[in-house]
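Notes for the one structure printed next.
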Amino acid sequence: MSWLPLSFAAPAVLWGLLALPVIWWLLRLTPPKPQAEIFPPLKILARVFRKEETPHRSPWWLTLLRLLMAALVVLALAEPIFNPRERLPTGGTALALVLDNGWASAPDWKLRVATAERLIADAGAAGQPVVLALTAEKPNAEVGPFDAQAALDRLRAAEPRPIPTNRRAVFARVAGVLATLPGASLAILDDGLASEGDEQAFAALLGQNPANLLWASPDRIDVAGLTAAENEMDGFALTAIRAPGGPAPGAVTAGAFDDKGRRIADATLSFAPGATVAKGTMAVPFELRNDFASIALDGQPQAGAVRVLDDSSKRRRVGLLSQADSEESQPLLAPLYYIRRAIEPFADLIEPSTSDLAEAIPQLIEQKPAMIIMADVGTIPPAAREKLVAWLNEGGTLVRFAGSRLAAAGNDEELLPVRLRLGERSLGGALSWTAPQPVSDFPPTGPFADLSPPNEVTVSRQVLAEPTPDLAQSTWANLADGTPLVTGARRGKGTLALFHIAPQATWSNLPISGSFVEMLRRIVQLSRNQGTAAAGVEGQPASLAPYRMIAADGRLVPPTPDARPLVAGRGAVPVTIENPPGLYGTAEGVLAHNLLETDSTLKPLVRPEVSVPVTGIRYAFDESRDLKGTLVAAALALMVLDTLAVLWMGGMFSRRGGRGARMTGTAAALLLALGAVLMQPGLARADDSKPGDQEAVEAISKTRIAYVITGEASVDAVSRAGIAGLTRFLIEKTALEPGEPAGVDLAKDELAFYPLIYWPIDPAAPMPSEAAIARLDAYMKQGGTVLFDTRDQFANGIGADSASPATERLRDILANLNVPPLEPVPPDHVLTKAFFILPEFPGRFNGSPLWVEASLEASNAEGRPVRTGDGVTPIMITANDFAGAWAIDESGEPLLPTVPSDPMQRVYALRAGVNIMMYMLTGNYKSDQVHVPVLLERLGQ
Numbered sequence: 001m002s003w004l005p006l007s008f009a010a011p012a013v014l015w016g017l018l019a020l021p022v023i024w025w026l027l028r029l030t031p032p033k034p035q036a037e038i039f040p041p042l043k044i045l046a047r048v049f050r051k052e053e054t055p056h057r058s059p060w061w062l063t064l065l066r067l068l069m070a071a072l073v074v075l076a077l078a079e080p081i082f083n084p085r086e087r088l089p090t091g092g093t094a095l096a097l098v099l100d101n102g103w104a105s106a107p108d109w110k111l112r113v114a115t116a117e118r119l120i121a122d123a124g125a126a127g128q129p130v131v132l133a134l135t136a137e138k139p140n141a142e143v144g145p146f147d148a149q150a151a152l153d154r155l156r157a158a159e160p161r162p163i164p165t166n167r168r169a170v171f172a173r174v175a176g177v178l179a180t181l182p183g184a185s186l187a188i189l190d191d192g193l194a195s196e197g198d199e200q201a202f203a204a205l206l207g208q209n210p211a212n213l214l215w216a217s218p219d220r221i222d223v224a225g226l227t228a229a230e231n232e233m234d235g236f237a238l239t240a241i242r243a244p245g246g247p248a249p250g251a252v253t254a255g256a257f258d259d260k261g262r263r264i265a266d267a268t269l270s271f272a273p274g275a276t277v278a279k280g281t282m283a284v285p286f287e288l289r290n291d292f293a294s295i296a297l298d299g300q301p302q303a304g305a306v307r308v309l310d311d312s313s314k315r316r317r318v319g320l321l322s323q324a325d326s327e328e329s330q331p332l333l334a335p336l337y338y339i340r341r342a343i344e345p346f347a348d349l350i351e352p353s354t355s356d357l358a359e360a361i362p363q364l365i366e367q368k369p370a371m372i373i374m375a376d377v378g379t380i381p382p383a384a385r386e387k388l389v390a391w392l393n394e395g396g397t398l399v400r401f402a403g404s405r406l407a408a409a410g411n412d413e414e415l416l417p418v419r420l421r422l423g424e425r426s427l428g429g430a431l432s433w434t435a436p437q438p439v440s441d442f443p444p445t446g447p448f449a450d451l452s453p454p455n456e457v458t459v460s461r462q463v464l465a466e467p468t469p470d471l472a473q474s475t476w477a478n479l480a481d482g483t484p485l486v487t488g489a490r491r492g493k494g495t496l497a498l499f500h501i502a503p504q505a506t507w508s509n510l511p512i513s514g515s516f517v518e519m520l521r522r523i524v525q526l527s528r529n530q531g532t533a534a535a536g537v538e539g540q541p542a543s544l545a546p547y548r549m550i551a552a553d554g555r556l557v558p559p560t561p562d563a564r565p566l567v568a569g570r571g572a573v574p575v576t577i578e579n580p581p582g583l584y585g586t587a588e589g590v591l592a593h594n595l596l597e598t599d600s601t602l603k604p605l606v607r608p609e610v611s612v613p614v615t616g617i618r619y620a621f622d623e624s625r626d627l628k629g630t631l632v633a634a635a636l637a638l639m640v641l642d643t644l645a646v647l648w649m650g651g652m653f654s655r656r657g658g659r660g661a662r663m664t665g666t667a668a669a670l671l672l673a674l675g676a677v678l679m680q681p682g683l684a685r686a687d688d689s690k691p692g693d694q695e696a697v698e699a700i701s702k703t704r705i706a707y708v709i710t711g712e713a714s715v716d717a718v719s720r721a722g723i724a725g726l727t728r729f730l731i732e733k734t735a736l737e738p739g740e741p742a743g744v745d746l747a748k749d750e751l752a753f754y755p756l757i758y759w760p761i762d763p764a765a766p767m768p769s770e771a772a773i774a775r776l777d778a779y780m781k782q783g784g785t786v787l788f789d790t791r792d793q794f795a796n797g798i799g800a801d802s803a804s805p806a807t808e809r810l811r812d813i814l815a816n817l818n819v820p821p822l823e824p825v826p827p828d829h830v831l832t833k834a835f836f837i838l839p840e841f842p843g844r845f846n847g848s849p850l851w852v853e854a855s856l857e858a859s860n861a862e863g864r865p866v867r868t869g870d871g872v873t874p875i876m877i878t879a880n881d882f883a884g885a886w887a888i889d890e891s892g893e894p895l896l897p898t899v900p901s902d903p904m905q906r907v908y909a910l911r912a913g914v915n916i917m918m919y920m921l922t923g924n925y926k927s928d929q930v931h932v933p934v935l936l937e938r939l940g941q
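Encoded structure:
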């Protein structure tokens with residue numbers, strides 16, 4: 001029954017309002033209890049001539065109050081709902097719900113979940129099983145069918161992924177389940193973007209002929225993405241894309257951030273009317289551009305709007321050196337002409353002011369280039385050669401090109417990668433028996449391994465290398481006859497390369513080919529230490545561990561449990577749930593793996609034509625409000641007023657010493673009726689879960705480790721699994737047998753039952769109330785200990801040292817507590833030897849110290865084996881994510897990987913948990929030296 005904007009779930013109860021006139025008559029007929037008087041003789045004599053009066057009916061205002069209270073009870077029992085939502089047509093034998101949770105769904109994910117919850121709630125009310133599938137999960141993920149409550153739990157635990165949707169695989173699984181559920185309804189909640197294989201995916205899913213088809217799509221596609229960020233000559237060139245369909249012009253602002261998350265530059269990219277691509281340039285100095293670690297679009301909290309950068313995005317200075325006259329009249333024959341044209345787009349070129357090598361080489365080295373290219377340079381003066389060798393050994397990259405001068409200069413083992421034969425080799429011509437040689441396949445161990453050999457390139461002259469056993473290991477490129485075209489070697493920390501041809505197009509046509517540009521680009525990347533992250537070992541592709549991942553909302557976060565190493569060197573690697581976008585490698589060198597490619601586009605999803613009628617639904621929150629609780633509360637308030645009125649009319653508040661009036665029969669009856677309403681399951685209160693005496697006895701019968709319930713489901717699940725893992729380790733390694741982990745609500749649960757409370761700080765969780773903080777403060781003063789874990793050792797971006805959101809939240813909490821002075825656990829603290837000998841306390845992460853209360857006797861502790869302070873620290877603080885390292889699943893396997901991935905780090909983390917528990921339960925017994933002589937005497941020593 002519905003009278004907009006109000007409806008009733010049980011409208012038949014409203015017939016009870018017809019009883020109000022009868023209640024009115026009964027209430028008027030029953031007067032309130034007369035006021036009792038003390039029996040003073042003089043007062044009786046004063047009234048002896050007065051006419052006795054007895055009330056025969058209740059006052060009208062009291063009767064109206066009671067009628068209103070009865071009407072509120074009737075309305076509450078009818079279960080009124082304000083602004084009721086329309087029930088969705090989820091008819092059929094079951095409901096199949098398919099929800100996109102790719103990167104484009106991140107900005108309005110909560111809206112999509114609210115819509116899906118309404119569909120599942122309606123299916124649950126009809127008793128239908130639910131098939132739930134998300135298109136950005138693992139292909140083998142379970143899709144059901146589930147009951148409605150299990151489907152809701154799975155939906156609320158789901159989250160958007162920073163990867164594209166995989167509708168083809170997921171829709172095929174759902175179609176297989178629907179084949180066993182004939183007559184089921186189908187609901188599709190898409191993100192509005194087309195993906196690869198949509199036509200086959202929808203054909204397989206819709207081919208099951210659902211009974212009803214419900215479809216929800218966003219009203220408009222507002223996402224924008226970054227497809228390119230190139231460090232060019234005059235600035236960082238950016239390319240942004242948006243979905244078509246916007247006739248109006250638009251603009252987005254891109255911000256550049258360094259490795260500490262600081263914004264250091266920005267630029268505006270404008271979309272022309274109807275355009276889907278916008279370009280812009282961040283015109284900032286060369287040195288500032290090399291500090292860029294990531295670029296993101298403002299107002300776009302999703303992974304497609306973020307682009308991480310590695311060393312390949314940093315420009316380097318490249319010095320050019322030649323002994324030829326720079327003012328030569330024929331530039332096409334100049335040694336540096338083709339080199340300059342090839343590397344100018346991706347490097348900043350510097351050249352000396354003179355061709356005298358004794359002055360030119362020191363001039364170049366003073367400008368700190370990453371690479372120096374020498375075109376046909378022969379003998380180098382000793383002073384300049386010494387500086388060049390030192391620069392090379394310290395990490396520089398030297399590239400040399402052959403020519404007549406180099407062929408006649410002789411061998412220089414420090415500045416040549418291989419030994420050379422004197423003179424030149426001529427291929428082809430009237431006096432030669434051999435023909436010009438083409439380039440063969442590039443060796444798999446060199447930097448050109450994944451390039452295709454240029455078929456159009458031939459070599460007619462070259463300098464030959466002396467055949468040695470290790471010549472093949474130094475060869476980066478070969479001719480068809482097996483002679484080297486490019487050789488390279490390491491010199492200290494630097495790289496040395498030699499092109500066995502001249503830099504002009506006289507010895508070979510390689511300098512005028514596109515392969516020449518790409519070969520020089522690869523060598524420039526080596527000068528940026530890119531090879532340490534992406535190069536393989538002995539020709540095998542490199543396997544790079546996840547380092548920093550891009551979350552669905554665009555933040556840089558530690559690696560997720562699903563992330564796997566990235567195999568580099570096999571071409572473009574797609575973004576998947578096992579290789580999400582982000583940085584792969586180590587702190588010494590990373591490889592950027594971004595979501596959008598250079599040629600990516602955002603295409604709107606086109607709905608296929610189907611024979612089944614389609615019901616369109618909107619993404620919207622459920623704005624209906626249940627008024628039952630409000631009406632019950634109002635009836636309770638009126639009952640309290642009625643009781644006070646009856647007591648006042650009985651004279652309780654008019655004199656001293658009276659025994660007071662009792663509650664009338666009507667009020668008692670209403671109280672019973674309201675009690676029956678409150679006993680309904682739908683009106684359960686939070687206080688119903690407060691532990692009683694029996695639960696208190698159970699809580700103290702065994703030692704239990706507690707954790708704070710933050711309200712964030714994923715955080716609380718990891719906390720419980722972590723405490724369970726530590727409990728299991730304690731049972732295996734010690735005589736202590738703790739009970740099950742206990743989740744506590746600081747605002748209402750009794751904290752004195754637990755010796756240690758683990759509190760994972762999450763900035764998304766609500767701030768605890770002042771009352772909860774006060775209860776926690778009292779717990780710490782009474783001897784309890786709280787272990788705060790911010791879990792943010794790597795949460796500030798790459799190399800971040802600024803305060804994270806979790807640390808800021810911890811500061812807000814500690815501001816209301818009486819926190820003693822803190823210090824990192826000293827080497828002689830009892831914690832380091834309570835059970836295991838531990839020099840540090842790692843968790844899932846390593847590097848953060850464990851902070852405890854500072855010892856007052858620290859200044860007098862010299863020569864003492866342990867600290868001698870009495871008592872146990874009331875507070876511990878870490879950022880290493882203890883629970884993440886302790887957490888295990890039902891089979892006892894670890895849930896989350898350690899960072900770095902070291903099996904012993906998890907063992908040390910569990911040992912740290914044992915030491916903390918032993919310290920909590922036994923205090924500083926190991927620092928009690930008074931009883932040592934007695935103990936030794938009893939042991940017979």
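Numbering of the sequence shown is given in my numbering, commencing with residue 1 and proceeding in unit increments. Even glycine gets a Cβ: it sits at the ideal position worked out from N, Cα and C.
In whole angstroms, what is the alpha-carbon distance linking residue i and residue j?
| i | j | result |
| --- | --- | --- |
| V524 | P561 | 35 Å |
| W851 | T873 | 10 Å |
| L595 | G304 | 6 Å |
| L111 | L152 | 15 Å |
| P484 | D259 | 41 Å |
| T868 | I723 | Any answer about T868 is weak, because its pLDDT of 39 lies below 50 and its placement is not dependable; what the coordinates show is given next. Answer to the nearest angstrom: the Cα atoms are 30 Å apart. |
| A408 | N231 | 40 Å |
| R161 | Q300 | 15 Å |
| V557 | P581 | 11 Å |
| D832 | L416 | The question names Asp, yet the displayed sequence has Thr at residue 832. For T832 and L416, the distance between alpha carbons rounds to 55 Å. |
| K493 | G192 | 51 Å |
| G923 | S855 | 14 Å |
| P894 | I888 | 4 Å |
| M918 | A912 | 10 Å |
My guess is that residue i and residue j are in contact by the Cβ rule of under 8 Å, so how many angstroms apart are they, rounded?
| i | j | result |
| --- | --- | --- |
| L95 | A187 | 6 Å |
| L238 | A254 | 5 Å |
| T703 | I163 | The Cβ separation is near 44 Å, so there is no contact. |
Would you call residue i buried or exposed, if buried means 16 or more other Cβ atoms sit within 10 Å of its Cβ?
| i | result |
| --- | --- |
| W61 | exposed |
| A806 | buried |
| G144 | buried |
| Q462 | buried |
| A125 | exposed |
| S891 | exposed |
| M904 | exposed |
| V277 | exposed |
| L214 | buried |
Handout entry: 3 or more residues per run - each beta strand (DSSP E) lying fully within the region 580-608
Key = Those beta strand (DSSP E) runs which fall completely within the region 580-608 and span 3+ residues are 582-586, 589-593.
Exercise for the section: Could you say if the region 306-323 and the region 350-357 meet the contact criterion of at least three C-beta pairs nearer than 8 Å? Expected result: Yes, the region 306-323 is in contact with the region 350-357.
Problem - beta strand (DSSP E) runs contained entirely in the region 393-472, provided each spans 3 or more residues - result: The qualifying runs are 397-401.
Handout entry: Three CB pairs or more closer than 8 Å across the region 587-602 and the region 168-185
Key = Counting C-beta pairs closer than 8 Å gives fewer than three between the region 587-602 and the region 168-185, which falls short of the contact rule.
Practice task
Say whether the region 93-109 touches the region 135-144, bearing in mind that this needs 3 or more beta-carbon pairs closer than 8 Å, one atom from each stretch.
Solution key: Touching, yes.
Problem - Contact between the region 396-411 and the region 368-387 (3+ Cβ pairs under 8 Å) - result: These segments touch.
Exercise for the section: Report yes or no: do three or more beta-carbon pairs, one from the region 835-849 and one from the region 873-883, lie closer than 8 Å? Expected result: The region 835-849, when compared against the region 873-883, does touch it at the 8 Å Cβ threshold.
Exercise for the section: Tell me, please, whether the region 447-459 touches the region 378-386 by the rule of three or more beta-carbon pairs shorter than 8 Å. Expected result: Touching, no, given that fewer than three Cβ pairs across the two stretches are closer than 8 Å.
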